[in-house]
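Novice: Taken in order, these protein sequences are the chains called A and B.
In terms of the numbering used here, the first sequence opens at residue 80 and continues consecutively.
In terms of the numbering used here, the second sequence opens at residue 12 and continues consecutively.
Ideal placement from N, C-alpha and C gives every residue a C-beta, glycine not left out.
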Amino acid sequence: MLNIGPRIYLATLLASVTVARAAEPSPIGMALIPDGVYHPFFLAQNDLKDVPVKGFWLDIVPVTNGDFLAFVRANAQWRRSQVKRIFADDAYLKNWMDDLDPGTNAPAHAPVAFVSWFAAKACAQWKGKRLPTAAEWEYAASAGPTRKDGENDAGFKRQVLEWYSKPAPARLPPVGTTRANFWGIHDLHGLVWEWVADFNTAMVTGDARGDTGLNRQLFCGAGAQGARDVENYPAFMRYGFRSSLRADYCIHNLGFRCAKDL
Amino acid sequence: MMPRTNILGAALALLIAGAGNAAEARPASCCAPTALSATTNFTDKSLYQSDSKWMTDTGKRIKLGELKGKVQVVAMFFANCQYACPIIVNDMKRIEAALSADQRANIGFTLVSFDTKRDTPAALAAYRLAHALPANHWTLLHGEPDDLLELAALLGAQFKEDANGQFAHSNVITVLNAQGEIVYQQLGLNQGIMETVRILRQLAAK
Chain A
80 MLNIGPRIYL
90 ATLLASVTVA
100 RAAEPSPIGM
110 ALIPDGVYHP
120 FFLAQNDLKD
130 VPVKGFWLDI
140 VPVTNGDFLA
150 FVRANAQWRR
160 SQVKRIFADD
170 AYLKNWMDDL
180 DPGTNAPAHA
190 PVAFVSWFAA
200 KACAQWKGKR
210 LPTAAEWEYA
220 ASAGPTRKDG
230 ENDAGFKRQV
240 LEWYSKPAPA
250 RLPPVGTTRA
260 NFWGIHDLHG
270 LVWEWVADFN
280 TAMVTGDARG
290 DTGLNRQLFC
300 GAGAQGARDV
310 ENYPAFMRYG
320 FRSSLRADYC
330 IHNLGFRCAK
340 DL
Chain B
12 MMPRTNILGA
22 ALALLIAGAG
32 NAAEARPASC
42 CAPTALSATT
52 NFTDKSLYQS
62 DSKWMTDTGK
72 RIKLGELKGK
82 VQVVAMFFAN
92 CQYACPIIVN
102 DMKRIEAALS
112 ADQRANIGFT
122 LVSFDTKRDT
132 PAALAAYRLA
142 HALPANHWTL
152 LHGEPDDLLE
162 LAALLGAQFK
172 EDANGQFAHS
182 NVITVLNAQG
192 EIVYQQLGLN
202 QGIMETVRIL
212 RQLAAK
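#1: Name, in chain order, the residues that DSSP records as bridge partners for B:L152.
#2: With distance defined between alpha-carbon atoms, name the residue in A:V275, A:V130, A:P190, A:D129 nearest to A:P248.
#3: Give me the chain A residues within the contact set of B:Q213, using Cβ-Cβ distance strictly less than 7 Å, ordered along the chain.
#4: What residue range does the beta strand (DSSP E) around A:G115 cover?
#5: Write down every uninterrupted run of the beta strand (DSSP E) in the region 78 to 127 of chain B whose length is 3 residues or greater and which is fully enclosed by it, in chain order.
#6: Report buried or exposed for A:T284, applying the criterion of at least 16 other Cβ atoms within 10 angstroms of its Cβ.
#7: Taking C-beta pairs closer than 9 Å, name the residues in chain B that A:I112 reaches, listed in chain order.
#8: Quick test of the definition: if touching needs 3 or more C-beta pairs under 8 Å, does the region 64 to 76 of chain B touch the region 88 to 104 of chain B?
#9: The beta strand (DSSP E) that contains A:K339, what's its start and end?
#10: Could I get the ranges of all uninterrupted alpha helix (DSSP H) runs contained in the region 150 to 233 of chain A, with 4 residues as the minimum, in chain order?
#11: Quick check on the burial criterion: 16 or more other C-beta atoms within 10 angstroms. Buried or exposed for B:M205?
#12: Between the region 141 to 149 of chain B and the region 178 to 186 of chain B, can you find at least three pairs of beta-carbon atoms closer than 8 Å?
#13: Can the beta-carbon of A:E217 be found closer than 8 Å to that of A:A338?
#14: How about B:D126: is its C-beta nearer than 8 Å to some C-beta of chain A?
#15: Is it right to say B:V264 is buried, meaning 16 or more other beta carbons lie within 10 angstroms of its own, or is it exposed?
#16: If I follow the unbroken beta strand (DSSP E) through B:L211, where does it start and stop?
#17: For B:V183, name the three-state secondary structure that DSSP assigns.
#18: Is B:K56 helix, strand or coil when you go by DSSP?
#19: Judging by CA-CA distance, which residue of B:A174, B:L198, B:Y59, B:A116 is the nearest neighbour of B:L165?
#20: For the beta strand (DSSP E) that A:A110 lies in, which residues bound it at each end?
#21: Taking a cut of 9 Å between CB atoms, which residues from the region 316 to 329 of chain A lie near chain B?
#22: Alpha carbon to alpha carbon, how far is B:G203 from B:V183?
Next up, the structure:
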């Protein structure tokens, strides 16, 4: 019986440690993605096979029209009529009614789209956040609803593929309606494509001979030899999509969400 | 680069007006200043709108806007490059050599390194010396990763570091007019410099 005291003490200590960790304030609307390893889908000859991803916070849902309205209210230079052309093409916020009125085509709780990389980056920065890297995004998005290794969940893979095969609806549905993944994150698949911080490092040819090699490597049959999982069509599409973007593009089904360092 | 229209496919589906539930916007969570300032003297399409910060090989901190006033020939590179960068830099030197002294007085050459770790201002100074890049026409810039991503985005260039510390990258030489707007891009290696030279002569004559 002499041992009980220390045991209880130890248990209390452990419990308090656990509580202290759990009590770490999580930023509102964000979930923790713990340390992990991202297995790049596409490997050039000299690429790292496994990229360690440090733990980070990720927005649970994409940035909405409502969120973005608050941003443009506070930052006049990002309003549709005032944005500099170098930072956003002429489709910028094209589904909004007016500078400060998203209107009925861009409901407050639907994800913001028609935003350029520059605008997404500035908005994230204004919120005290940043855009996730491609490695972070892909790592978070590889989790299925019940397990972190979604690649081993046939049902999850099928659902993702189904979404990729459907065109985006003219009016985007609200955020947060798709099932949360293992980390509690919604809409990584099934709503909009999302900007990442380093979209322009997504794909270049291993030998740097020119830009056109990109698409050849990706889309020609032989190019598939560089792919980790040739049946992972959604990853092919995401990589192809990212490498086709320019930072000023504003597209109807391309939005963003923010990340934050721990 | 794949034409945008291929990707968009369904983009033409126009937005249908309908009953919306445009609710009140949620208030801002916080208010960090944005990177890009609203009041600048630069044109709408000027790269000099960028707020990114750089350091020259002489250790001077600058913003891109300080390059305003001269036509600029810009390329991204890294000093340890074994393959493409020497060709790019050599192309730029050939371009410089093809210009008259008068034209050169109005044209700057700017190299920006991808390699934030190794290409310190001192390493760039050594590169300048090794490649005999004249101090009065050539600017060599070191930057932070975020700023490099942004500049690459502005130039439409892609780059990626591989496991060996080499960078795969687009091969682009960009001509900016005195306002910092892209007027021409020489894409790929060994494309010949004459079109670039022709455009520079025109711009320098203005």
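Specialist: The short version:
#1: Working through the second sequence from its first residue, we reach residue 152 of chain B at position 141. Partner(s): B:T67, B:V123.
#2: Here residue 248 of chain A corresponds to residue number 169 of the first sequence, with the count starting at 1. The residue with the shortest Cα to Cα distance from A:P248 is A:P190.
#3: Your numbering for residue 213 of chain B matches position 202 in the second sequence. None at all; the shortest Cβ gap to chain A is about 22 Å.
#4: Against the first sequence, residue 115 of chain A aligns to sequence position 36. Its beta strand (DSSP E) spans residues 115 to 117.
#5: 82 to 88, 118 to 124
#6: Taking the first sequence and counting its residues from 1, one reaches residue 284 of chain A at position 205. Annotation note: pLDDT 43 at A:T284 (below 50); position unreliable, coordinate value reported separately. The residue in question, A:T284, is buried, as its Cβ has 16 or more Cβ neighbours within 10 Å.
#7: On the first sequence, residue 112 of chain A is found 33 positions in, with the first residue counted as 1. Those do not exist, as A:I112 stays about 20 Å from chain B at its closest Cβ, beyond 9 Å.
#8: no
#9: Residue numbering aside, residue 339 of chain A sits at position 260 when the first sequence is read from its first letter. Residues 338 to 340.
#10: 196 to 205, 213 to 220
#11: Against the second sequence, residue 205 of chain B aligns to sequence position 194. It counts as exposed.
#12: no
#13: Taking the first sequence and counting its residues from 1, one reaches residue 217 of chain A at position 138. Taking the first sequence and counting its residues from 1, one reaches residue 338 of chain A at position 259. Not a contact, by the Cβ cut-off of 8 Å.
#14: Position 115 of the second sequence, counted from the start, is the residue given in the question as residue 126 of chain B. With 8 Å as the cut-off, B:D126 does not count as an interface residue toward chain A.
#15: With chain B covering only 12 through 217, there is no way to say anything about residue 264 of chain B.
#16: Counting from one through the second sequence, the residue named residue 211 of chain B turns up at place 200. Per DSSP, B:L211 belongs to no beta strand (DSSP E); it is in the alpha helix (DSSP H), 205 to 216.
#17: Here residue 183 of chain B is taken as the residue at index 172 of the second sequence, counted from 1. Strand at B:V183.
#18: Here residue 56 of chain B is taken as the residue at index 45 of the second sequence, counted from 1. Here B:K56 sits in coil by DSSP.
#19: For the purposes of this step, residue 165 of chain B is taken as residue 154 along the second sequence, with counting starting at 1. It is B:Y59.
#20: Working through the first sequence from its first residue, we reach residue 110 of chain A at position 31. Segment 109 to 112, the beta strand (DSSP E) holding A:A110.
#21: G319, F320, S322, S323, L324, R325, A326, D327, Y328
#22: Working through the second sequence from its first residue, we reach residue 203 of chain B at position 192. Working through the second sequence from its first residue, we reach residue 183 of chain B at position 172. Approximately 12 Å between the Cα atoms of the pair.
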